[in-house]
Structure formats: structure tokens, C-alpha cells
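A.B. asks: Right, I'll just put the structure down here and ask away after.
What follows is the structure in C-alpha cells.
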């Protein structure tokens with residue numbers, strides 16, 4: 015089996031897609047936020063690699079094609095924003111303030127963790143894009159001297175946590191405005207949060223899409239300067 019995978023150009027991608035479809039089917043039947051399809055998919059893929067004794071590099075060699083879909087998938091999130099463009103025109107200052115605050119909090123949180131645990135520069139810039147979609151976060155971390163693979167893992171953990179917990183956290187703090195909810199999900203949990211926001215409502219999804227894109231742009235612009243802090 016490992017030899018076949020090493021020679022196959024698409025086995026890893028096919029395995030990942032098949033496991034995700036099963037995970038989505040299972041999640042729809044369990045009816046609990048903890049049964050997140052991405053979380054189930056990650057666990058099952060790891061389990062299969064261990065049970066079948068498949069080397070990760072051999073698997074990733076044929077599975078990395080899926081990452082090519084990240085950029086067009088992110089671009090498709092502009093559609094709900096176009097449908098809700100009137101909301102953007104009604105609350106421009108509040109939206110701008112919310113996104114700027116979210117980006118600042120994301121950066122300061124990573125900085126605080128880096129200072130508290132005395133992380134190196136490479137570790138700091140690896141964690142810095144934690145709230146940015148993977149299509150932007152991985153190359154950004156690598157350009158700054160970080161580890162792109164670890165960055166993707168951190169981005170995934172951040173996104174899955176936001177996808178599962180964001181609605182409950184927002185209710186806990188009394189955030190009921192639909193625009194604010196969407197901005198928070200997109201800024202804190204990138205594409206994963208946007209998927210959850212779209213499930214909540216189209217307004218939330220549109221604002222989350224906007225927040226996701228602008229957060230990525232601002233993080234890319236600020237990251238070189240922030241990277242000099244450690």
C-alpha cells in the first residue's frame with residue numbers, strides 16, 4: 015500500500031475527499047457542534063495514515079493538489095458580500111472599526127504568547143497569521159522565516175475552534191447584531207468562521223467574507239513590521 019501511494023499522483027487527494035464526504039455525512043446525522051466535519055476528517059485521515067502505515071510525505075505528495083482550491087474557494091466568498099452590499103454602505107465606520115480592532119487583537123494575542131513563552135522569531139512569525147486563511151497565511155509565514163506547515167496547523171485549529179464555539183461565545187458576551195457577529199467570525203476564524211456565519215445567515219456570511227479578506231490584507235501589510243518586534 016505505501017509503495018502504491020508513493021507512485022500515485024492522486025491517491026492522497028482522493029482519500030482526503032472521500033473521508034471529508036463521509037465526515038460531512040456523519041456530522042449531519044450527529045446534530046452536535048462538536049461533530050465538525052473538518053475535525054472528524056482530520057482525525058480520520060490521521061488514523062488511516064497510522065493504521066495503513068502510510069508515510070505523511072508520500073500522502074502529502076498526492077494530496078497537496080487540494081490546496082490549489084483554497085484561493086478560488088476564498089474568492090467565491092465575495093458573492094454573499096455582493097448580495098449584501100447595502101449593509102456595507104449603511105455601516106462603513108462600524109465595519110472598519112470592528113475589523114481594525116480584530117486585526118490588532120489577533121496580533122497582540124500572538125505577541126503576548128510569544129513574550130510569555132519566550133518564543134523565537136521563527137516561532138512568532140509562524141503563529142502570527144493564525145487568523146488568516148491558509149492560502150495567505152502559509153506563504154506569509156514562510157516568507158517571514160516561519161514554518162508554513164505548522165502555520166497551517168495553527169490556522170486549522172483556530173478556524174475549527176471558531177467554527178464550533180463562535181456562536182456560543184458571541185451569545186455569552188451579548189453580541190446580537192448580525193453585522194458584528196459576521197465581522198467577528200471572519201476576523202477571528204477566517205474561512206472556517208465564514209462557513210459557520212453563512213449557516214447562521216446571509217448577512218453574517220457577507221460580513222464575515224468581507225472581514226476575512228480585509229483581515230488577510232491588513233495582516234500581510236503589517237506582518238513585516240510586527241515580525242521585527244521579536
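In my numbering, the protein residues as written are 15 to 244. Glycine is no exception: its CB is placed at the ideal position from the N, C-alpha and C atoms. Values in this document were obtained by computation on a predicted structure and should not be read as measured data.
1. Straight-line CA distance for residue 93 to residue 37?
2. When you compare only the Cα positions, how much space is there between residue 26 and residue 78?
3. Hey, how far is the Cα of residue 48 from the Cα of residue 158?
4. Around the C-beta of residue 12, are 16 or more other C-beta atoms found within 10 angstroms, so that it is buried, or is it exposed?
5. For the ligand MG, I want to know if residue 148 counts as a neighbour, meaning its beta carbon is within less than 7 Å of at least one of the ligand's heavy atoms.
6. What would DSSP say about residue 48, mapped onto helix, strand or coil?
7. Are the region 52-62 and the region 187-198 touching by the rule of at least three beta carbon pairs closer than 8 Å?
8. Answer yes or no: do residue 97 and residue 220 have a C-beta to C-beta separation smaller than 8 Å?
9. So, using beta-carbon positions, are residue 231 and residue 91 closer together than 8 Å?
10. Exposed or buried, residue 24, counting other C-beta atoms within 10 Å across all chains shown (16 or more means buried)?
11. Judging by CA-CA distance, which residue of 128, 206, 95, 87 is the nearest neighbour of residue 181?
12. Residues in the same chain with beta-carbon distance under 6 Å from residue 117, minus the five sequence neighbours each way, listed in chain order, please.
13. Which whole runs of the beta strand (DSSP E) in the region 185-212 are 3 residues long or more, in chain order?
14. Between which two residues does the alpha helix (DSSP H) carrying residue 155 extend?
15. From residue 84 to residue 133, what distance separates their C-alpha atoms?
16. Can you tell me which of the three DSSP states residue 97 falls into?
17. Do the CB positions of residue 200 and residue 208 come within less than 8 Å of each other?
18. What is the residue span of the alpha helix (DSSP H) that residue 135 lies within?
19. I'd like the list of long-range same chain contacts for residue 234, defined as Cβ closer than 7 Å, with 5 residues on each side in sequence excluded.
20. For residue 138, count neighbouring Cβ atoms within 10 angstroms of its own Cβ and tell me buried if that reaches 16, exposed if not.
21. Rounded to the nearest angstrom, what separates residue 87 and residue 46 at their Cα positions?
22. Apart from the five residues on each side of it in sequence, which residues of its chain come closer than 8 Å, Cβ to Cβ, to residue 101?
23. Which term fits residue 95, buried or exposed, when burial requires 16 or more other beta carbons within 10 angstroms of its beta carbon?
24. Between residue 237 and residue 129, is the Cβ-Cβ spacing less than 8 Å?
C.D. replies: According to the structure data:
1. About 26 Å.
2. Residue 26 and residue 78: Cα-Cα distance of roughly 8 Å.
3. Computed Cα separation, rounded: 34 Å.
4. Absent from the structure is residue 12, since the part of the chain shown begins at 15 and ends at 244.
5. In the structure on display, the ligand MG does not appear, and there are no ligands present to speak of.
6. Here DSSP, grouped into helix, strand and coil, assigns residue 48 to coil.
7. No: fewer than three Cβ pairs fall under 8 Å.
8. Yes, they are a contact pair.
9. Cβ atoms of residue 231 and residue 91: not closer than 8 Å.
10. Exposed.
11. Checked all of 128, 206, 95, 87; the closest Cα to residue 181 is 206.
12. Answer for residue 117: 229, 232, listed in chain order.
13. No beta strand (DSSP E) of 3 residues or more sits fully in the region 185-212.
14. Looking at the DSSP string, the run of the alpha helix (DSSP H) that includes residue 155 is 148-158.
15. Using only the alpha carbons, I get a separation of about 29 Å.
16. If DSSP states are grouped into helix, strand and coil, residue 97 belongs with the helices.
17. Judged by beta-carbon spacing, residue 208 lies within the 8 Å limit of residue 200, meaning their Cβ atoms are closer than that value.
18. Per DSSP, the unbroken alpha helix (DSSP H) holding residue 135 starts and ends at 135-141.
19. By the criterion of a C-beta distance shorter than 7 Å, residue 234 is surrounded in its chain by 150, 154, once the five residues flanking it on both sides are discounted.
20. Of the residues assessed, residue 138 falls on the buried side of the cut-off, its CB having 16 or more other CB atoms within 10 angstroms.
21. Each residue's alpha carbon lies about 25 Å from the other.
22. Taken in chain order, the residues that qualify are 193, 217, 220, 221.
23. It is buried - the Cβ of residue 95 has at least 16 other Cβ atoms within 10 Å.
24. Going by C-beta atoms, residue 237 is not nearer than 8 Å to residue 129.
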